[in-house]
Amino acid sequence: MKRYVIKRVLSALLTLLLITFLLFLLVRIMPGNPFPSERMTAEAIEKKRAEMGLNDPILVQFFHYMSKVLKGDFGKGTSLYYGAPIHTVLKKCLSNSFKIGGIAILLGTFVGLLLGIVAALNRDRFWDVFCSVFSILGVCVPAYVFLIFLQYTFSYKLTLLPYFFDSTDFLRSTIIPSVSMSLFTMSTVARFTRNEMVEVSDSDYVLLAEAKGMYGAKLITRHVLRNALIPVVTVLAPLVVDLLTGALVVEKIYGIQGIGKLMVDAISGEGIDYNYVLALGILYSAMYIGIMLVVDLLYGLLDPRIRISAKGGDNG
């Protein structure tokens, strides 16, 4: 198992380094101007490029950039926040996105699992049909449509919740965006949980356990649910990254100062802020790779076959 973990970690680090280089290269060859050209002369722009080392060979630029990134320094923005250090802006935006996204993950996963289990235990009955309809709606309707509906109902009509994000009323301000972002996760988790539990329930080893006299909650938790969770964990991983990094449109509409809105601002301002685009691209990649690494390690806990395989590799 130790060898399995080390191999996965090294593979994740190598993948992140390769993605970072490709992102750096793509950002550098992107068309457009990273500076607000309408407010700067051609001479000023060229002087700024020389100061930032943008005229150096690409490998030299990448080496200098990575030496700073490893110290936690992503540089400064070229057009956003008046050149403030990127890591200070990211810290504030990450805090908002992680809090709201974390609530959405917990809510979506818990309710999704509950709906999926209830649907599987009531196959072809009312709750199974309800779960299927709910899953279709949650997957097909975008999160920002739910957001607008919740805004109209609970903010405009009932005036119970803030219409836009208010940092002074953080708790109430998180309800609408968290619920709207969690619906897709609820639907996906419910659908996969239901389908996997139905499939596992018809498997030979579950039928054998029933023949030996195992029924009820013990059978469901030990054999059915545990084996059904493996594909659910797989599909949940990218959803976690999306929610933690903030839904782009949801944050923009609701006025949340998160990293989703920050990405939109970085590519839609006067000039594309390459430094923010690159920093956010690296952040997204690192989070996705990190989550998938955690999923790989969770497989070893959920599936005994992986632990046996890992032990066999260590002995070899």
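Going by my numbering, the letters in the sequence shown line up with residues 126 to 441, in that order.
The C-beta atom is built at its ideal place from N, Cα and C for all residues, glycine as well.
Every value quoted in this text rests on a predicted model; they were computed, and no experiment measured them.
Helix, strand or coil at residue i according to DSSP, with G and I counted as helix
i            : result
proline 356  : helix
lysine 386   : helix
glycine 441  : For glycine 441, the predicted structure reports a pLDDT of 43, less than 50, and the residue's modelled location is therefore unreliable. The matter cannot be settled from this model.
arginine 133 : helix
proline 363  : helix
leucine 238  : helix
tyrosine 190 : helix
lysine 172   : helix
proline 210  : strand
lysine 196   : coil
CA nearest to the CA of residue i, picked from the options
i              : options                        : result
leucine 195    : Leu423, Arg174, Ala404         : Ala404
leucine 272    : Phe290, Phe255, Ser260, Val258 : Phe290
tyrosine 401   : Ala229, Pro182, Lys216, Phe279 : Lys216
isoleucine 414 : Arg128, Ala137, Pro302, Gly383 : Ala137
tyrosine 379   : Leu150, Leu283, Pro302         : Pro302
glutamate 376  : Tyr277, Arg174, Phe223, Asp181 : Phe223
Check whether residue i and residue j have beta carbons under 8 Å apart
i              : j              : result
glycine 227    : leucine 369    : yes
valine 304     : leucine 275    : yes
isoleucine 416 : valine 366     : yes
methionine 322 : alanine 353    : yes
valine 314     : leucine 238    : yes
glycine 447    : threonine 318  : Not covered by the structure: residue 447. The range shown for the chain is 126 to 441.
isoleucine 397 : methionine 155 : yes
isoleucine 225 : isoleucine 381 : yes
isoleucine 183 : leucine 150    : yes
Inter-residue spacing [alpha-carbon to alpha-carbon] between residue i and residue j
i              : j                 : result
leucine 143    : valine 264        : 32 Å
methionine 177 : phenylalanine 188 : 13 Å
isoleucine 433 : arginine 297      : Low local confidence applies: a pLDDT of 49 at isoleucine 433 is under 50, so the model's placement there is unreliable, with the coordinate-based value given in what follows. Going by the C-alpha atoms only, they are around 48 Å apart.
leucine 373    : glycine 385       : 4 Å
proline 287    : tyrosine 269      : 16 Å
valine 243     : tryptophan 252    : 7 Å
tyrosine 207   : tyrosine 399      : 14 Å
serine 292     : asparagine 221    : 9 Å
tyrosine 281   : alanine 245       : 38 Å
serine 255     : threonine 234     : Sequence inspection shows phenylalanine at residue 255; the serine mentioned does not correspond to that position. Taking the straight line joining both Cα atoms gives about 18 Å.
arginine 133   : leucine 139       : 10 Å
aspartate 390  : valine 214        : 13 Å
tyrosine 129   : glutamate 324     : 29 Å
alanine 229    : threonine 299     : 9 Å
glycine 383    : cysteine 218      : 4 Å
valine 266     : phenylalanine 259 : 11 Å
alanine 209    : tyrosine 409      : 21 Å
Residue-chain proximity (residue i, chain D), Cβ-Cβ < 8 Å
i           : result
alanine 362 : Absent here is chain D; the protein component of the structure consists of one chain.
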